[in-house]
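The sequence shown begins at 1 in the UniProt record's numbering and counts up one residue at a time. Note that beta-carbon positions come from the ideal geometry of N, C-alpha and C, so glycine has one too.
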Amino acid sequence: EVVRHITSNYLPLVVRKNLTLYCFIDPSVPATLSGDPVRLQQVLSNLVSNAIKFTDTGCIIFQVCCTDGYLEFWVRDTGVGINPREALKLFDPFFQAGSGVQRHFQGTGLGLAICEKLVNLMDGDMSLISEPGLGSQFGIRIPLYQAHYDVPTVSDALRQKTCWLRMRNASLEHNALSLLQQYGLSAARYSDQIVHEDDIVISDYPQATPPLSRWSVLFSHMHIGSAQESEAGRLVISTAGLPDLPALLERLCRNKDGEEGALAVPSTRSQTHYNLVDNSDILILVVDDHPINRRLLADQLESLGYQVVTANDGVDALSTLAKQTADIVLTDVNMPNMDGYTLTRTLRAQRWEAPVIGVTANALAEERQRCLSAGMDNCLSKPVTLDVLQQCLAQYSLQVREQRSSAT
């Protein structure tokens with residue numbers, strides 16, 4: 001669930017930069033385990049955010065596996081990489097956040113020194129391998145406590161089919177093959193073998209399905225959201241959606257008669273449709289000094305149907321509000337020039353009564369109270385998931401609409 005939230009939140013940014021996001025979860029990883037999912041998601045989101053920020057071409061690989069009683073998370077990129085001397089400073093809590101590479105690698109607001117501390121509190125550790133020009137690999141390792149394992153199961157009908165893999169990307173092919181075989185499915189690499197009509201072809205080659213196959217799954221790096229049926233029996237799925245492949249194949253198999261129409265695709269919480277309410281009448285000002293975070297929040301809000309404008313810090317936000325009004329302000333609390341606390345106090349002093357919602361990397365009760373004392377209406381902890389954002393904004397959007405009605 002944590003991995004799905006992260007991939008669904010960041011996939012729009014990855015596609016916007018024309019990158020590819022791969023998500024590989026080893027079949028040996030338990031379905032659930034005891035731990036702190038909120039903190040874990042914060043740390044992993046920070047690493048993924050940094051990978052996107054410093055990668056202009058190529059891909060990002062988000063991998064989860066188990067080794068010797070530990071759960072391991074790896075975030076690899078083909079970005080700029082880090083000089084070994086500078087890399088050592090990234091985990092130094094006394095290294096000034098406003099200087100050098102540490103400032104750039106703050107990502108979602110959690111410095112890597114804080115990330116490492118949070119991982120240590122989970123009895124784990126962090127690692128970094130990087131080389132300038134070749135990219136970086138950040139790793140997190142935490143012990144497996146009270147792990148619960150699901151037994152992979154598929155229908156007999158699916159077991160009777162052969163899955164042919166025709167892939168350009170070797171890692172995607174390897175992990176897909178391993179996943180399917182873990183489920184007891186007949187899977188093999190395609191190389192001009194005879195494909196029967198009821199076999200399933202899985203590919204990342206656009207429009208490259210071999211003939212005679214009525215079933216196919218296409219991995220696309222430009223696809224966002226849940227799997228979609230391009231035509232009867234042919235699914236398109238994100239390259240980050242590999243963990244959902246067995247469930248998708250099961251649904252393909254159930255559509256055994258090949259009838260036309262939408263194929264029922266399994267959904268997760270991260271794939272819920274939120275556009276049931278028209279939010280186009282609500283304009284939200286997003287204030288954040290990090291371009292990645294600012295763009296991520298804007299993409300999430302736009303996916304919920306809201307109108308969005310952005311500002312780089314508190315000073316920029318005041319300048320923006322002097323030119324146009326906004327219904328809700330969503331602001332980071334820690335920013336240069338003018339932070340979110342000062343921005344809120346300034347707005348309240350100007351008798352600005354619209355909702356102000358703070359966003360912070362600090363989930364402690366003291367931080368929330370500080371936000372409320374500054375005049376904010378609410379405080380959300382990073383990383384902000386689409387679920388949380390939708391629930392929070394639904395409340396304040398209703399408040400804005402009610403105030404409009406009473407004013408008229």
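Under DSSP, SER203 takes part in a beta bridge, and its partners are ARG166 and LEU218. Using a Cβ distance threshold of 8 angstroms, ASP299 and LEU13 count as a contacting pair.
Here the alpha carbon of HIS223 sits roughly 44 angstroms from the alpha carbon of ARG351. Under the criterion of beta carbons closer than 8 angstroms, LEU283 and ILE200 do not qualify as touching, at roughly 46 angstroms. Contiguous alpha helix (DSSP H) elements confined to the region 125 to 153 do not occur, taking only those with 4 or more residues.
For the 8 angstroms CB-CB criterion, LEU242 and PHE24 form a contact. Ranked by Cα distance from GLY225, the first of THR153, SER303 and ASN312 is SER303. With contacts defined by Cβ atoms closer than 8 angstroms, VAL388 and LEU380 form a contacting pair. Residue ARG401 holds the alpha-carbon nearest to the alpha-carbon of SER280 among GLY314, ARG401 and THR331.
In this structure, DSSP gives ALA51 a helical state, which the three-state scheme calls helix.
Within the same chain, ALA176, LEU179, LEU180, ILE202, VAL217 and ILE237 come within 8 angstroms of LEU245 by CB-CB distance, once the 5 residues on both sides are set aside.
Scanning the region 290 to 347 for uninterrupted beta strand (DSSP E) segments of 3 residues or longer gives 307 to 311 and 328 to 332, listed from N- to C-terminal end. Distance from the CA of SER130 to the CA of GLU231, rounded to the nearest whole angstrom, comes to 43 angstroms.
Remark: C-beta atoms of SER136 and GLY79 approach each other more closely than 8 angstroms. Taking a contact as a CB-CB distance under 8 angstroms, the pair LEU19 and GLY58 counts as one, their CB atoms being some 7 angstroms apart. At the C-beta level, ARG404 and GLY375 stay beyond 8 angstroms of one another. By DSSP's assignment, SER155 forms no beta bridge with any residue. By the neighbour-count definition (other C-beta atoms within 10 Å, threshold 16), LEU40 is a buried residue.
Following the DSSP letters along the chain, one finds LEU11 in no beta strand (DSSP E) but inside the alpha helix (DSSP H) bounded by residues 2 to 16.
Annotation for LEU47: VAL75 and PHE138 place their beta carbon closer than 6 angstroms to its own, counting only its chain and skipping 5 residues before and after.
Around the beta-carbon of THR239, 16 or more other beta-carbon atoms lie within 10 Å, marking it buried. Contact between ILE142 and ASP123 holds: CB atoms are separated by about 7 angstroms, below the 8 angstroms threshold. Residue pairing from DSSP leaves LEU33 without any beta-bridge partner. Straight-line measurement puts the Cα of CYS392 at about 22 angstroms from the Cα of ASP339.
Boundaries of the alpha helix (DSSP H) around ASN120: 112 to 121.
Counted as a single uninterrupted DSSP element, the alpha helix (DSSP H) harbouring ASP387 occupies residues 386 to 407.
Between the alpha carbons of VAL308 and SER406 lies a distance of about 24 angstroms. Shown here, ARG370 sits in a helix according to DSSP, grouped into three states. For the 8 angstroms CB-CB criterion, ARG166 and TYR183 do not form a contact. The beta-carbon separation of PHE91 and LEU121, rounded to 15 angstroms, does not stay under the 8 angstroms limit for a contact. For ASP77, the three-state secondary structure derived from DSSP is strand. Looking only at ASN378, GLN390, THR385 and ALA361, the smallest Cα-Cα distance to LEU118 is reached by ALA361. Of the candidates ARG370, HIS148, ALA322 and TRP215, the residue whose Cα lies closest to the Cα of GLU197 is TRP215.
LEU386 places its beta carbon less than 8 angstroms from that of ASN9. Each residue's CA atom was taken as its position, placing PRO152 and TRP164 some 20 angstroms apart.
Using a 10 angstroms sphere on the CB of PRO355, the tally of other CB atoms reaches 16 or more, which defines it as buried.
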